[in-house]
Amino acid sequence: MTNLLATVLMFLVVIYFQGFRIDFPVRSKTIRGEQGSYPIKLFYTSNMPIVLQSALVSNVYLISHVLYKNFGRYFLVRVLGSWKASSSRLVTASGLAYYITPLSSLAATADDPIHALKWIDISGSSAQDVAQQVKEQRMVILGYRDENLPKVSNRYIPTAAALGVVGARSR
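Residue numbers (my numbering): 314 to 484.
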């Protein structure tokens, strides 16, 4: 019964925080008077990339685990992924399988910032990606020049993306 209540509570908390966002006011470069907003959600990464990533990770895990179990001494197999025992289960220790795995907590983000940065870049949700999307739509953020878009995006997106990674892991 406790697990059911914890699941319901987590579900409600995630739904509540899913609504939090910061809106960048944007305007069109080409159409005079055209304005809008570009929302940056607290849980920045959406569910669809998480579902697709989970399917990819499952396949890489399976292949990596089988190869490592049978041919773990070979360099190319270890590049795909190496495994170690952790509290009665096997977890990725290094390699491709490790870096495509979402982080498990904010503490894990602090312990391995390179892993966190790779995860954000792989998901296509980095500040540079957002700045490029705004430029491709021929929009600008009000009060900022085009060349400052990545800098402005960098204020909010890494935090939102990291929380999205941890939030996706808890869902």
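For glycine and all other residues, C-beta sits at the position ideal for the given N, C-alpha and C. Note that this is a predicted model, so its numbers are computed, not measured.
Handout entry: Contact under 7 angstroms by Cβ, VAL453 with ILE470
Key = no
Problem - Identity of the residue in VAL321, VAL404, ILE328 and SER350 nearest LEU455 by Cα - result: SER350
Practice task
With DSSP as the reference, please indicate the residues paired to MET452 in a beta bridge.
Solution key: SER341
Practice task
May I ask you to list the residues that DSSP assigns as paired with ALA398?
Solution key: Looking at the DSSP output, ALA398 bridges to LEU403.
Problem - Run of the alpha helix (DSSP H) containing TYR412, from where it starts to where it stops - result: Per DSSP, TYR412 is one residue of the alpha helix (DSSP H) stretching across 409 to 412.
Exercise for the section: Could you tell me the boundaries of the alpha helix (DSSP H) in which GLN388 lies? Expected result: Looking at the sequence shown, residue 388 is not Gln but Phe. Looking at the DSSP string, the run of the alpha helix (DSSP H) that includes PHE388 is 388 to 393.
Practice task
Look at the Cβ atom of ILE413, then the Cβ atom of VAL370, and state whether they are nearer than 7 angstroms.
Solution key: Between ILE413 and VAL370, the CB-CB gap stays under 7 angstroms.
Handout entry: GLN441 (DSSP reduced to helix, strand or coil)
Key = helix
Problem - Neighbour-count burial assignment, ILE344, 16 or more Cβ in a 10 Å radius - result: When all chains shown are included, ILE344 counts as exposed.
Handout entry: Rounded separation between ASN461 and PRO426 - CA only
Key = 25 angstroms
Problem - Inter-residue Cα distance where the pair is TYR457 and ALA410 - result: So the alpha carbons of these two residues sit roughly 40 angstroms apart.
Problem - Proximity below 7 angstroms, CB of ILE335 to CB of ILE353 - result: yes
Practice task
Kindly list the residues whose CB is nearer than 8 angstroms to the CB of PRO463, restricted to its own chain and excluding five residues on each side of it in sequence; keep chain order.
Solution key: ALA440, GLN441 and ALA444
Problem - TRP396 and TYR381 closer than 7 angstroms at C-beta - result: yes
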